[in-house]
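> Count the sequence shown with the numbering used here and you get residues 652 to 816, in order. C-beta: ideal position from N, C-alpha, C; glycine also.
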Amino acid sequence: LISTEIEALLNNQIKKEAHSCSQYLAMASWCDQNGFDNSADYFFTQSNEERTHQLKLFKYVLDMGGQAMSPDIENIKHEFNSFKEIFEQALEMEIAITQSFKKIFAACYKEQDFVTVEFLNWFLKEQREEEYKARRALELFTIIGEEATGLWEIDKVIPTISYNN
Ligand code: OFO
């Protein structure tokens, strides 16, 4: 069983994962419309991953006797000033998600909910990967450069970013 406080925090996280899922979809749309087809595929994959995160949390709340809430999704950004801005926002989003998980962990430790801690550990590792990928994508803008065919090169390399630790 989970407490009502943990249930509320997890439902809030479900909402955030659903937001990330939709936001990545909007990023995929922008990339596709602007000719960055490989990055569009990358964001479709990211979006699918966020959906699985949402469902993982959703099912956990139900398994633990709680009420999982299907969230309304607001504040999706559809317009971006540049290709690079998308990755800056992706990194910001992932850092905010990590922070949000830290708050849930703090609440779990306070009430000694080690069952939820054990469940949530998977997400911390996932966040390490997600932050790494977003940071790596931004590094490509510096290493490859945006001049001449730079953006085209960056778009080619984005889907090859992987994290093995
Ligand atoms: Fe990328 O955020 Fe989910 O967990």
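#1: Mapping the DSSP letters down to three states, classify residue 687 as helix, strand or coil.
#2: May I ask which residues mark the beginning and end of the alpha helix (DSSP H) holding residue 791?
#3: Looking at residue 766: is its Cβ nearer than 9 Å to the Cβ of residue 665?
#4: Pick from 730, 724 and 709: whose alpha carbon is nearest that of residue 718?
#5: According to DSSP, simplified to helix, strand and coil, what is residue 652?
#6: Using a Cβ-Cβ cut-off of 8 Å (strictly less than) and excluding sequence neighbours within five positions of residue 735, which residues of its own chain qualify?
#7: Can you find the residues in the same chain that come closer than 7 Å, C-beta to C-beta, to residue 722, ignoring five residues on each side of it along the sequence?
#8: How would you write the range of the alpha helix (DSSP H) that residue 749 sits in, first residue to last?
#9: Measuring CB to CB, does residue 730 end up less than 9 Å from residue 681?
On the basis of the coordinates in this document:
#1: Counted from its first residue, the sequence shown places residue 687 at position 36. The DSSP-derived three-state label of residue 687 is coil.
#2: By 1-based counting over the sequence shown, the position of residue 791 is 140. That run of the alpha helix (DSSP H) goes 765-794.
#3: On the sequence shown, residue 766 is found 115 positions in, with the first residue counted as 1. On the sequence shown, residue 665 is found 14 positions in, with the first residue counted as 1. Their beta carbons are not under 9 Å apart, which means residue 766 does not touch residue 665 by this criterion.
#4: By 1-based counting over the sequence shown, the position of residue 718 is 67. Here the closest residue by C-alpha is 709.
#5: For the purposes of this step, residue 652 is identified with residue 1 of the sequence shown, where counting begins at 1. In the structure shown, residue 652 adopts coil according to DSSP, grouped into three states.
#6: Locating residue 735 in the sequence shown gives position 84, where the first residue counts as 1. Counting only Cβ-Cβ distances below 8 Å, and skipping sequence neighbours, we find 789, 792 and 797.
#7: The count along the sequence shown starts at 1 and reaches residue 722 at position 71. Here the set comprises 665, 666 and 669.
#8: Your numbering for residue 749 matches position 98 in the sequence shown. Element bounds for residue 749: 734-761.
#9: Translated into the one-based positions of the sequence shown, residue 730 becomes position 79. Translated into the one-based positions of the sequence shown, residue 681 becomes position 30. Going by C-beta atoms, residue 730 is nearer than 9 Å to residue 681.
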